[in-house]
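All residue numbers for the sequence shown refer to the numbering used here, where the first residue is 29 and numbers rise by one. A short write-up of the structure that comes next.
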Amino acid sequence: MTASADHLTEMLRGLRLDGVDYSRCQMAAPWGVAFPQSREASFHFISRGGCWLKTPAGEWLELHDGDAVLMPRGGGHVLASSPQATASPPRACRVRETYGNVFDVEGGGTGEHMLLFTGRMTFNVDLDHPLLRLMPDMMRMSDFIANEPGIPHLLEAMGQEVAMDRVGAGGILARLADVLAAAIMRAWVERGCGAAKGWVAAARCPTIGKVLAAIHAHPETDWTVESLAELMGASRSGFAERFAEVVGETPARYVAQVRMHQARQWLARDKLRIGVVAQRLGYESEASFSRAFKRITGMAPGQVRAAGEAPPVAMFTPSEAAE
């Protein structure tokens with residue numbers, strides 16, 4: 029592994045997907061499910077039969093046995109027996125909770141049957157993280173499988189668990205889905221993040237990447253242009269010019285954004301008091317932190333803390349299906 033790849037790996041080490049809910053879906057043609065825009069990532073695995081996917085960009089793609097797709101930014105999309113099928117919201121399906129956050133779902137008509145496994149996941153970082161902003165609307169496993177020799181075995185194991193409906197299959201499928209989604213993201217990063225440039229190019233730069241890794245690892249540090257230049261081993265003016273050229277913004281602006289992304293998590297997710305967050309980030313007063321936070325995010329920290337992170341509602345719900 030090269031030094032530049034190490035810097036990107038270091039920044040990605042803490043990036044994790046946490047499962048929200050999972051569903052084993054048995055669908056009969058004609059059928060269609062319209063998945064709305066969501067803050068959660070969506071994952072689909074086609075176990076038996078085929079279907080069509082209308083991507084967040086509006087393009088129809090045909091999916092086959094063993095296909096797996098990830099929508100990392102939760103874009104609205106449709107799964108259907110054909111592009112002509114009427115798509116209904118998930119609540120129109122018949123749903124039975126097997127346990128916890130795993131559901132059995134049935135829907136459609138009386139035609140040809142197919143089997144798929146779907147899941148939703150959340151990232152453990154702020155949605156404005158540079159890497160999340162650069163991810164495409166959709167990632168398809170078949171685009172990466174040649175460089176991931178372990179993936180076919182995972183897909184085979186997942187297919188067997190979905191088809192056989194064994195005791196405890198839901199829990200095993202949930203874990204396999206988590207691993208497959210993580211593998212898709214890793215493959216995308218290792219293949220150069222597709223056509224993504226900008227931040228990715230900066231992260232892979234041997235000198236700037238070292239600086240970015242330090243900022244993301246320790247956002248609470250009182251980073252200055254001088255201290256970052258010293259870390260890079262360059263003069264203050266040389267560093268500032270090089271950083272702006274590669275990253276696309278000044279070091280001070282970038283540091284401020286990373287710090288406020290972290291602050292937003294501490295406020296919304298962890299419910300830390302504003303004064304505690306200000307102290308963690310080294311601000312002299314709560315007021316000075318609040319001004320900086322609003323300038324960067326457009327919201328007052330009190331608003332973010334009060335709103336919190338709304339807990340996700342299950343995509344397929346037995347109560348609505350029974351109505």
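Backbone N, C-alpha and C define an ideal beta-carbon position, used for all residues, glycine too.
- Rounded to the nearest angstrom, the gap between the Cα atoms of residue 84 and residue 104 is 5 Å.
- Taking 3 residues as the shortest admissible run, the region 78-147 contains the following complete beta strand (DSSP E) segments, listed from N- to C-terminal end: 79-82, 88-91, 96-99, 105-108, 122-127 and 130-136.
- Excluding five sequence positions before and after residue 129, the CB atoms of its chain that fall closer than 6 Å to its own CB belong to 49, given in chain order.
- DSSP places residue 230 in the helix class (H, G or I) of the three-state scheme.
- Boundaries of the beta strand (DSSP E) harbouring residue 50: 45-56, taken from the DSSP string.
- In this structure, the alpha-carbon of residue 280 lies about 14 Å from that of residue 289.
- For the pair of segments examined, the region 230-238 was found to touch the region 254-273: the number of CB pairs separated by less than 8 Å reaches three.
- Restricted to the region 276-317, the alpha helix (DSSP H) segments that are unbroken, complete and at least 4 residues in length are 279-296 and 302-308, listed in chain order.
- Setting aside the 5 residues that flank it on each side, residue 121 is surrounded in the same chain by 53, 61, 133, 134, 135, 344 and 349, each with a C-beta closer than 8 Å to its C-beta; the list follows chain order.
- Rounded to whole angstroms, the separation of the alpha carbons of residue 247 and residue 311 is 13 Å.
- In terms of Cβ geometry, residue 321 and residue 296 do not form a close pair [threshold 8 Å].
- Shown here for residue 231: same chain residues with a beta carbon closer than 7 Å to its own, the five before and five after excluded, namely 35, 36, 39, 237 and 240 in chain order.
- Note that the C-beta distance between residue 205 and residue 71 is below 8 Å.
- Around the CB of residue 299, fewer than 16 other CB atoms lie within 10 Å, so the residue is classed as exposed.
- Cα atoms of residue 89 and residue 234: separation of roughly 38 Å, rounded to the nearest angstrom.
- Judged by pairs of C-beta atoms under 8 Å, the region 323-341 does not touch the region 136-144, as fewer than three such pairs exist.
- No Cβ-Cβ contact shorter than 8 Å links residue 171 with residue 99.
- A straight line joining the alpha-carbon of residue 273 with that of residue 213 spans about 27 Å.
- Within its own chain, the residues whose Cβ lies closer than 7 Å to the Cβ of residue 114, once the five positions on either side in sequence are excluded, are 60, listed in chain order.
- Residue 67 sits close to residue 102, with the two beta carbons spaced by under 8 Å.
- Put simply, of 211, 78 and 96 the residue whose alpha carbon is nearest the alpha carbon of residue 108 is 78.
- At a Cβ-Cβ threshold of 8 Å, residue 167 and residue 45 do not count as neighbours.
- Burial is judged here by how many other beta carbons sit within 10 angstroms of a residue's own beta carbon; residue 282 has at least 16 and is buried.
- Secondary-structure assignment with DSSP links residue 61 through a beta bridge to 107 and 116.
- Residues of the same chain with a CB within less than 7 Å of the CB of residue 333, apart from the 5 flanking positions on each side, are 295, 296, 299 and 302 in chain order.
- In the DSSP annotation of this structure, the continuous segment of the alpha helix (DSSP H) that includes residue 244 starts and ends at 236-245.
- Counted as a single uninterrupted DSSP element, the beta strand (DSSP E) harbouring residue 70 occupies residues 69-76.
- If you check the CB distance, residue 95 and residue 169 come in under 8 Å.
- In chain order, 75 place their CB closer than 6 Å to the CB of residue 187, counting only its own chain and leaving out the 5 sequence neighbours on each side.
- Residue 181 is classed as exposed because its beta carbon has fewer than 16 other beta carbons within 10 Å across all chains shown.
- Contact between residue 65 and residue 154 does not hold, since the beta-carbon distance rounds to 18 Å and is not under 8 Å.
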